[in-house]
Structures are given as structure tokens and as C-alpha cells.
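Going by this note's numbering, the sequence shown opens with residue 1, and the numbers climb by one from there.
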Amino acid sequence: MSYFGVDGNGVGRVLYASATKPEGPWTKGGAIVSPDAAWEDNYIYNSVLMWDAQENIWKMWYTAGKIASAGGEPEVCALSLTRQQLS
């Protein structure tokens with residue numbers, strides 16, 4: 001599962017945790033994606049993680065950019081791809 005976290009410097013990242021059963025216990029595995037581009041504004045969140053067995057690749061859609069106001073929307077929707085195994 002992917003989830004959102006903010007570090008002590010205010011940088012938002014998408015992290016993951018894994019479990020052998022849906023009810024857990026869950027083991028935290030660290031960051032999947034960290035912001036590294038100016039347009040991400042040090043803030044990545046609202047992720048959807050999917051394993052594409054046909055293409056043998058992980059796909060993650062996410063939003064980036066800080067919300068301008070409490071009622072605002074993210075700046076960008078993006079897609080990240082990797083063949084790296086999550087463990």
C-alpha cells in the first residue's frame with residue numbers, strides 16, 4: 001500500500017508498507033517517490049500504486065505541488081514507472 005508522509009523539513013513523499021494479509025501487520029518500507037523536480041514543489045501525495053503484470057512494471061499516479069488554499073487543488077497529476085522490486 002502507498003501512503004503520504006511529511007518529513008521534518010516539510011517535504012511530502014509517497015511511502016509504502018507491505019503485509020502478507022490485508023489486516024496486517026504492516027511493515028513500513030520507505031519512500032517510493034520523493035520530489036526531485038521544481039514543478040513538484042517538494043510535495044508529492046494522493047497516490048495510486050498498481051502492478052501491471054502484462055507490462056511487468058509498477059505504475060503510480062500521484063499529485064504534486066502544494067495546495068494554494070484549504071479549498072484548493074493540487075498543481076499537477078503525474079505518472080511514475082519502475083521495474084524495481086518493492087521490498
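Don't be surprised by glycine CBs; every beta carbon is placed ideally from N, CA and C.
Item to complete: Alpha carbon to alpha carbon, how far is I32 from C77? Give it in angstroms, no decimals.
Response: The C-alpha of C77 lies about 16 Å from the C-alpha of I32.
Worksheet item: Among E75, N42, A53, which residue has its Cα nearest to the Cα of G8?
Response: It is N42.
Item to complete: Less than 8 Å between the CB atoms is what I'm expecting for K28 and A19, so what's the real figure, rounded?
Response: Taking the Cβ atoms as the reference, K28 lies roughly 11 Å from A19, outside the contact range of under 8 Å.
Item to complete: Quick one: grab the DSSP three-state call for A37.
Response: A37: coil per DSSP, three-state reduction.
Worksheet item: Tell me the DSSP bridge mates of A78?
Response: Assignment of beta-bridge partners to A78 by DSSP yields Y62.
Practice prompt. Spatial neighbours of E40 within its chain, please: CB distance less than 6 Å, with the 5 preceding and 5 following residues excluded, ordered by chain position.
Written response: A64.
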